[in-house]
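Residue numbers (the numbering used here), protein chains in the order written: chain A, 8 to 116; chain B, 195 to 308.
Beta carbons: idealized from backbone N, C-alpha and C, even for Gly.
The model shown is predicted, which means the values in this text are computed figures rather than measured ones.
Here the structure is laid out as structure tokens; the discussion comes afterwards.
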Amino acid sequence: SQQGEEDPQALSIQEGENATMNCSYKTSINNLQWYRQNSGRGLVHLILIRSNEREKHSGRLRVTLDTSKKSSSLLITASRAADTASYFCATDQTDKLIFGTGTRLQVFP
Amino acid sequence: DAGVIQSPRHEVTEMGQEVTLRCKPISGHNSLFWYRQTMMRGLELLIYFNNNVPIDDSGMPEDRFSAKMPNASFSTLKIQPSEPRDSAVYFCASSSTGGRNEQFFGPGTRLTVL
């Protein structure tokens with residue numbers, strides 16, 4: 008069963024704009040991760056945030072986590088055409104990850 | 195490092211045939227995961243191994259599916275007999291830190307069952 012639900016399902020923006028994706032989950036977690044998947048490729052790990060962290064940065068990525076609301080957001084600043092991909096959140100359940108439904112991001116040059 | 199290697203990249207077969215997907219994890223990684231991705235169901239974990247031992251196969255859809263990991267550098271996922279509804283992209287992933295942390299995905303095998 009899927010733990011995470013991303014919102015929106017699809018997002019289209021122009022290069023240079025910021026993109027925000029949200030993830031909601033159902034049960035308590037130790038950490039939450041974000042992955043990117045380019046068309047026809049495997050998933051690539053972007054960032055991991057632990058349950059005792061509220062915000063984390065990596066380059067143009069900013070992730071927030073609100074455990075009281077069971078939600079996380081991924082912000083990509085100054086987007087580029089190369090950021091076009093699907094983005095998934097994943098939450099840990101015992102010894103495995105449960106992936107969300109994904110947000111398809113399209114960045115137009 | 196070559197990353198996680200999967201073969202074949204594409205497989206087209208007819209209903210009823212046996213299909214074997216292969217995976218070589220990153221050297222030194224002791225956890226291996228098989229996922230299936232479809233438009234309808236998203237990314238589903240089928241089975242995972244720790245130190246070559248199957249830990250959780252609750253995601254394996256039916257007895258037609260089986261997975262083995264005979265050694266630390268090789269795993270197979272077998273479907274016998276295959277059905278059209280098995281058509282999907284199958285991913286293998288590995289991790290050095292168990293299932294809760296960063297996983298490294300292979301490029302996937304796109305399976306089409308006619």
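query, result
"Pair every Cβ in the stretch 260-274 of chain B with every Cβ in the stretch 239-249 of chain B, then say whether three or more of these pairs are closer than 8 Å.", "yes"
"Taking all protein chains shown into account, do 16 or more other C-beta atoms lie within 10 angstroms of the C-beta of B:Q274, making it buried, or fewer, making it exposed?", "exposed"
"With distances taken Cα to Cα, identify the nearest neighbour of A:T74 among A:A17, A:S31, A:Q100.", "A:S31"
"Residues of chain B with CB closer than 9 Å to the CB of A:K77, please, in chain order.", "Result: empty, since nearest Cβ-Cβ is about 17 Å, beyond 9 Å."
"Should A:T91 be flagged as near chain B, meaning a C-beta pair shorter than 8 Å?", "no"
"Shorter than 8 Å from the beta carbon of A:N45 to some beta carbon of chain B?", "no"
"To the nearest angstrom, how far is it from the Cα of A:T91 to the Cα of A:T101?", "32 Å"
"If you measure from the beta carbon of A:L104 to each beta carbon in chain B, is any gap under 8 Å?", "yes"
"Where DSSP assigns a beta bridge to A:H64, which residues make up the other side?", "A:R69"
"I'd like the list of long-range same chain contacts for A:P116, defined as Cβ closer than 7 Å, with 5 residues on each side in sequence excluded.", "E22, A88"
"Measuring from the CB of A:K103, is there a heavy atom of the ligand NAP at a distance below 7 Å?", "This structure simply doesn't include the ligand NAP, nor any ligand for that matter."
"Check distances from the C-beta atoms of the stretch 284-295 of chain B to those of chain A and list, in chain order, the residues that come in under 8 Å.", "F285, A287, G292, G293, R294, N295"
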